[in-house]
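For the protein sequence lines, the chains are A and B, in the order given. Note that the working numbering numbers the first sequence so that position 163 is 163, with each residue one more than the last. Going from the second sequence to the working numbering is simple: count from 1 and add 1000. Even for Gly, the Cβ is constructed at its ideal location relative to N, Cα and C. Structure record follows, encoded as structure tokens.
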Amino acid sequence: MLKKAAAWAAAVIIGLALGVASVWAALSFGGAGAMEQYGLWRHNSLAGSTAADPYTRTVIAIKGLLALSVREARYLDLSRDEEGRPLDESCIYELSSPPLPARWWSVTLYGRDEYLVRNNDNAYSIDASRTLTSANGGWRARISPVRGETANWISSRNAGTGFSLTLRLYNPHQPFDVTAEELPTLAIVSCTGEAS
Amino acid sequence: MSNGAKYVWTALLLAVAVHLSLIFAAPYVLMGKAMERIGVDGTNMWHVADRVTAESRRIVRPAPDFAYSACVFDLSDGPIRLRVAPWDSYWSLSLYADNSDNFFVIDDREVEYDAEIVLTRGAQEAPENVTAVASPSTRGIALIRRLAPDPGRYAAAAAAARGDVCAPLTAD
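The structure is reproduced here in structure tokens:
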């Protein structure tokens, strides 16, 4: 009798654990959210959409609650460098961008916890209205823990490892059929020490 | 069915049930939490958020270049009137259902001066001379974004936001 109860309890516990683990796995590794890839940028064209499937809706609710639908804004996220490593405060990165296909754009750095990183640099983001651009509208920006001599700076101070960038394109040009070459590219300038 | 199999099936069925309920419930739970936080001072009224900084932790991935105003709407006692006061740069009004879907958005390119809509639910009726929008849920969130990338622009946007309206239609 006791043995039977223990077996039922084990079945229930394993079932619950499997259910939770499978949700985590589906959201982390699954095709959850029908992600499109543009170079290093990941984009979900169903964000905020009333046509979103339950997985997409859940991913967006976790990662970007109150996001706008694609008609109004496109959100693209970048969290790994060209070699697939998580972005790290110990590295200096450079973003190079052609003129972007939108009325207004911004690039913002978020910590692992999905919020702005606590530092006093007041350099959370760059945007179309404040960024120094070249004559054709292209621009370069530095992502580093200290400003140095760059004109366009996003601070990664206190961001640790595993931070990410969000590119926002407001009132994107329609139809939205960009290629990776039409978006900012990320290059590593240098890294200090070995990221653990 | 052997003795062992019935435990395996129980575990598997339970796993599927847990998986589906978590996936379907998560957006409602997260929206519920957001409505609780935003609507802490009441529903059907605008809450003008402080300038976005690292201390802004009510909503994930906030944009520091916007001045946000949010209103938790509740249509259980009738339609709600929403107005966005004029702003001289990009702005948008977006509406979110209780499952987090962005079911409506309007921006400064689509209106000449200010924007005004009446939000209804089910059989509720709006006056004839206004833009009526039907909400798929009784409760949800209205959000105004005003482009304001520096402290001076933020202060101006916060001042403009005082002219915004989120109130029961009958309260005028």
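Other residues of its chain near Y110 of chain A: CB distance less than 6 angstroms, five sequence neighbours each side excluded:
As a working mapping, residue 110 of chain A is identified with position 110 in the first sequence. Closer than 6 angstroms at Cβ, skipping near neighbours: S164.
Grab me the residues of N106 of chain A's own chain with a C-beta within less than 6 angstroms of its C-beta, minus the 5 sequence neighbours each way, in chain order.
Counting from one through the first sequence, the residue named residue 106 of chain A turns up at place 106. The question names Asn, but residue 106 of chain A is Ser in the sequence shown. Excluding residues within five positions, the ones whose Cβ falls inside 6 angstroms are S125, D127 and R168.
Rounded straight-line distance, which links the Cα of K1006 of chain B to that of V1016 of chain B:
Taking the first residue of the second sequence as position 1, residue 1016 of chain B is located at position 16. Taking the first residue of the second sequence as position 1, residue 1006 of chain B is located at position 6. Taking the straight line from one Cα to the other gives about 15 angstroms.
Classify S1056 of chain B as helix, strand or coil using the three-state DSSP reduction.
Residue 1056 of chain B sits at position 56 when you count from the first residue of the second sequence. Three-state DSSP puts S1056 of chain B in coil, outside helix and strand.
Could you name the residues of chain B that S129 of chain A contacts, counting a contact when the two beta carbons are closer than 7 angstroms?
As a working note, residue 129 of chain A is residue 129 in the first sequence. Per Cβ cutoff of 7 angstroms: P1149.
Leaving out the 5 sequence neighbours to the left and right, which residues in its chain are closer than 7 angstroms to N158 of chain A when beta-carbon positions are compared?
Within the first sequence, residue 158 of chain A is the residue found at index 158, counting from 1. The answer, listed in chain order, is V117, R118 and N119.
Can you pull the chain B neighbours of R71 of chain A, defined as C-beta to C-beta under 8 angstroms?
Numbered from its first residue, the first sequence carries residue 71 of chain A at position 71. Near R71 of chain A (Cβ distances below 8 angstroms), the residues of chain B are V1105.
Out of A:A5, A:S190 and A:L76, state which residue places its alpha-carbon closest to the alpha-carbon of Y170 of chain A.
As a first step, residue 170 of chain A must be located in the first sequence, where it is residue number 170. Out of A:A5, A:S190 and A:L76, A:L76 has the C-alpha closest to the C-alpha of Y170 of chain A.
Which runs of the alpha helix (DSSP H) at least 4 residues long sit entirely within the region 28-97 of chain A? Give them in chain order.
54-64
Spatial neighbours of W1087 of chain B in its chain, beta-carbon cut-off 6 angstroms, leaving aside the 5 residues before and after
To locate residue 1087 of chain B, count along the second sequence from 1; it is residue 87. Excluding positions up to five away in sequence, the list reads R1146 and A1160.
Listed by chain order, chain B residues near W215 of chain A by CB distance under 7 angstroms:
It is not possible to answer for residue 215 of chain A, since the shown part of chain A is limited to 1 through 196.
Can you list, in chain order, the residues of its chain with a C-beta nearer than 6 angstroms to that of L1143 of chain B? Leave out the 5 residues immediately preceding and following it.
If you number the second sequence from 1, residue 1143 of chain B lands on position 143. For L1143 of chain B, where only same-chain residues beyond five positions count, the Cβ hits under 6 angstroms are A1070 and S1094.
Taking the alpha helix (DSSP H) that E1036 of chain B belongs to, which residues open and close that run?
Looking up residue 1036 of chain B in the second sequence gives position 36. Segment N1003 to I1038, the alpha helix (DSSP H) holding E1036 of chain B.
Please list the partners that G15 of chain A has in chain B, where partner means a Cβ-to-Cβ separation under 9 angstroms.
For the purposes of this step, residue 15 of chain A is taken as residue 15 along the first sequence, with counting starting at 1. Correct list: T1010, A1011, L1012, L1013, L1014, A1015, V1016, A1017 and V1018.
Can you give me the Cβ contacts of G160 of chain A inside the same chain, cut-off strictly under 6 angstroms, excluding the 5 residues immediately before and after it?
On the first sequence, residue 160 of chain A is found 160 positions in, with the first residue counted as 1. E89, listed in sequence order.
How is the beta strand (DSSP E) around A1161 of chain B delimited, first residue to last?
Indexing the second sequence from 1 puts residue 1161 of chain B at position 161. Per DSSP, A1161 of chain B belongs to no beta strand (DSSP E) and is neither H nor E.
Where does S196 of chain A fall in DSSP's three states?
Locating residue 196 of chain A in the first sequence gives position 196, where the first residue counts as 1. Since pLDDT at S196 of chain A reaches only 44, below the 50 mark, its modelled position is unreliable, and the value read off the structure follows with that caveat. Three-state DSSP puts S196 of chain A in coil, outside helix and strand.
Identify the contact partners of G19 of chain A in chain B, using a Cβ-Cβ distance below 9 angstroms as the criterion.
Position 19 of the first sequence holds residue 19 of chain A. The answer, in chain order, is L1014, A1015, V1016, A1017, V1018, H1019, L1020, S1021 and L1022.
T133 of chain A versus Y38 of chain A: straight-line alpha-carbon distance, rounded
Position 133 of the first sequence, counting from 1, holds the residue named residue 133 of chain A. Position 38 of the first sequence, counting from 1, holds the residue named residue 38 of chain A. One C-alpha to the other measures close to 22 angstroms.
Separation of R1058 of chain B from R1037 of chain B, as counted between CA atoms
Counting from one through the second sequence, the residue named residue 1037 of chain B turns up at place 37. Counting from one through the second sequence, the residue named residue 1058 of chain B turns up at place 58. Those two C-alpha atoms are separated by around 7 angstroms.
Distance check for P101 of chain A and A180 of chain A, CA to CA, integer angstroms please.
On the first sequence, position 180 is the one that residue 180 of chain A refers to. On the first sequence, position 101 is the one that residue 101 of chain A refers to. Answer to the nearest angstrom: the Cα atoms are 12 angstroms apart.
Run through chain A and tell me which residues come within less than 8 angstroms of M1031 of chain B, C-beta to C-beta.
Here the question's residue 1031 of chain B lines up with position 31 in the second sequence. Ordered by position in chain A, the residues that pass the 8 angstroms Cβ test against M1031 of chain B are A61 and L65.
Boundaries (first-last residue) of the beta strand (DSSP E) holding N1102 of chain B:
Residue numbering aside, residue 1102 of chain B sits at position 102 when the second sequence is read from its first letter. N1102 to D1107 is the extent of the beta strand (DSSP E) around N1102 of chain B.
For L1075 of chain B, which residues of its own chain have a beta-carbon under 8 angstroms away from its beta-carbon, when the five flanking residues on both sides are left out?
Here residue 1075 of chain B refers to the residue found at position 75 when the second sequence is read from its first residue. Closer than 8 angstroms at the Cβ level, and outside the excluded window around L1075 of chain B, lie L1119, T1120, R1121, Q1124, S1135, T1138 and R1139.
Indicate whether at least one CB of chain B lies closer than 8 angstroms to the CB of S79 of chain A.
By one-based count along the first sequence, residue 79 of chain A stands at place 79. No, its Cβ sits nowhere closer than 8 angstroms to a Cβ of chain B.
Closest to R42 of chain A by CA distance: which of A:H173, A:A141, A:L78 and A:E72 is it?
Position 42 of the first sequence, counted from the start, is the residue given in the question as residue 42 of chain A. Out of A:H173, A:A141, A:L78 and A:E72, A:L78 has the C-alpha closest to the C-alpha of R42 of chain A.
How is P1062 of chain B classed by DSSP in three states: helix, strand or coil?
Position 62 of the second sequence, counted from the first residue, corresponds to residue 1062 of chain B. Coil at P1062 of chain B, not helix or strand.
Are the beta-carbon atoms of A973 of chain B and L65 of chain A separated by less than 8 angstroms?
Any answer about residue 973 of chain B is impossible in this case: the structure gives chain B only from 1001 up to 1172.
Indicate the three-state DSSP secondary structure (helix, strand or coil) for W24 of chain A in the structure shown.
Here residue 24 of chain A refers to the residue found at position 24 of the first sequence. It is helical.
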